[in-house]
Each structure stands twice: as structure tokens, then as C-alpha cells.
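Enquirer: When we follow the working numbering, the leftmost residue of the sequence shown carries the number 296, and every step to the right adds one.
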Amino acid sequence: QVQLVESGGGLVQAGGSLRLSCAASGSIFSINAMGWYRQAPGKQRELIAAITSDGSTTYDDSAQGRFTISGDVAKSTVYLQMYSLQPEDTAVYYCAAVTSGRDYWGQGTQVTVSL
296 QVQLVESGGG LVQAGGSLRL SCAASGSIFS INAMGWYRQA PGKQRELIAA ITSDGSTTYD
356 DSAQGRFTIS GDVAKSTVYL QMYSLQPEDT AVYYCAAVTS GRDYWGQGTQ VTVSL
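Next comes the structure, spelled out in C-alpha cells:
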């Protein structure tokens with residue numbers, strides 16, 4: 296079992312920045328990759344960014360150039376630095392951990408971007 300705890304969400308004005316953090320505990324040796332998803336009201340959960348155990352990163356087009364994922368999968372911590380936030384970035388952001396057996400999710404942290 297892997298437990299994930301996110302922090303760092305909140306309310307920010309358009310153009311502002313936020314940094315999300317995620318820490319995993321439990322069977323962290325089984326984690327192959329970690330990532331950030333988000334889910335806006337009425338929409339499906341979507342992958343924003345991910346990082347693998349070798350440090351490779353991938354981004355959704357909506358995050359490319361504005362968001363940066365960092366961290367260390369081996370140390371089971373991951374961060375999402377978000378710049379130039381826009382109202383359309385408003386969503387619940389979830390941390391995820393991928394293992395060979397299953398995926399795990401955090402409880403989510405709300406990010407709200409106002410005009």
C-alpha cells in the first residue's frame with residue numbers, strides 16, 4: 296500500500312503561481328513513477344505532468360511551458376510548480392503513484408484561480 300498526501304493548493308489571482316507538494320509513504324519501494332492529475336467540475340480527470348524513476352518527465356500540452364514537475368521518485372516526493380495560472384486551471388489536483396501492481400491517488404488539493 297502507498298499513501299499520498301498533497302499540499303500547497305489554494306486561491307490565486309490570474310497570472311500568479313503556486314507550488315504543489317506530494318509525499319508518499321508506505322511501500323514506496325514499489326513506485327515506478329509519480330505524477331499530477333487534475334479534475335475540473337464536470338470534466339474528466341486528466342494527466343498534467345509525470346516523472347519516472349530515472350527522472351524523465353512528460354507534460355500535457357496545457358502544462359507545457361507553464362508547469363514544472365520535479366522531485367525524486369526514489370525518495371517518494373514530487374512537486375508541481377505552476378506559473379501564469381489562469382481561471383481554466385481551476386481544478387482539484389491529485390498526486391498519483393504508479394506501481395507494477397496498481398495506481399494510488401492522494402485525496403486532492405483544490406486550486407482556484409480568480410480573475
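Just so it is clear, CB atoms sit at the ideal spot from N, CA and C, and this is done for glycine as well.
Note that the structure is a prediction, hence the values are computed from the model and not measured.
Taking DSSP as the reference, what is the three-state secondary structure of aspartate 384?
Expert: Against the sequence shown, residue 384 aligns to sequence position 89. In this structure, aspartate 384 counts as helix in the three-state DSSP scheme.
Enquirer: Would you call the stretch 373-381 in contact with the stretch 312-326, where contact means no fewer than 3 C-beta pairs closer than 8 Å?
Expert: Yes, the stretch 373-381 touches the stretch 312-326.
Enquirer: Going by Cα to Cα distance, which pick from Asp367, Gln405, Thr407 is closest to alanine 328?
Expert: As a working note, residue 328 is residue 33 in the sequence shown. Looking at the Cα atoms, Asp367 is the closest of the given residues.
Enquirer: What does a CB cutoff of less than 7 Å around alanine 318 pick up in its chain, not counting 5 residues either side in sequence?
Expert: Along the sequence shown, one-based indexing puts residue 318 at 23. Contacts found: Val300, Ser371, Thr372.
Enquirer: What's the call for arginine 397, buried or exposed, on a 16-neighbour Cβ count within 10 Å?
Expert: Taking the sequence shown and counting its residues from 1, one reaches residue 397 at position 102. Classification of arginine 397: exposed, given that the 10 Å Cβ count is below 16.
Enquirer: What does the alpha-carbon distance come out to for the pair aspartate 384 and cysteine 390?
Expert: Position 89 of the sequence shown, counted from the first residue, corresponds to residue 384. Position 95 of the sequence shown, counted from the first residue, corresponds to residue 390. Whole-angstrom Cα-Cα distance: 16 Å.
Enquirer: Could you pull the start and end residues of the beta strand (DSSP E) that valine 408 belongs to?
Expert: The count along the sequence shown starts at 1 and reaches residue 408 at position 113. Element bounds for valine 408: 404-409.
Enquirer: Under 8 Å by Cβ, that's how I've got glutamine 405 and glycine 330 pegged, so tell me the actual separation to the nearest angstrom.
Expert: In the sequence shown, counting from the first residue as 1, residue 405 sits at position 110. In the sequence shown, counting from the first residue as 1, residue 330 sits at position 35. With 8 Å as the limit, glutamine 405 and glycine 330 do not qualify as a contact, their Cβ atoms being about 18 Å apart.
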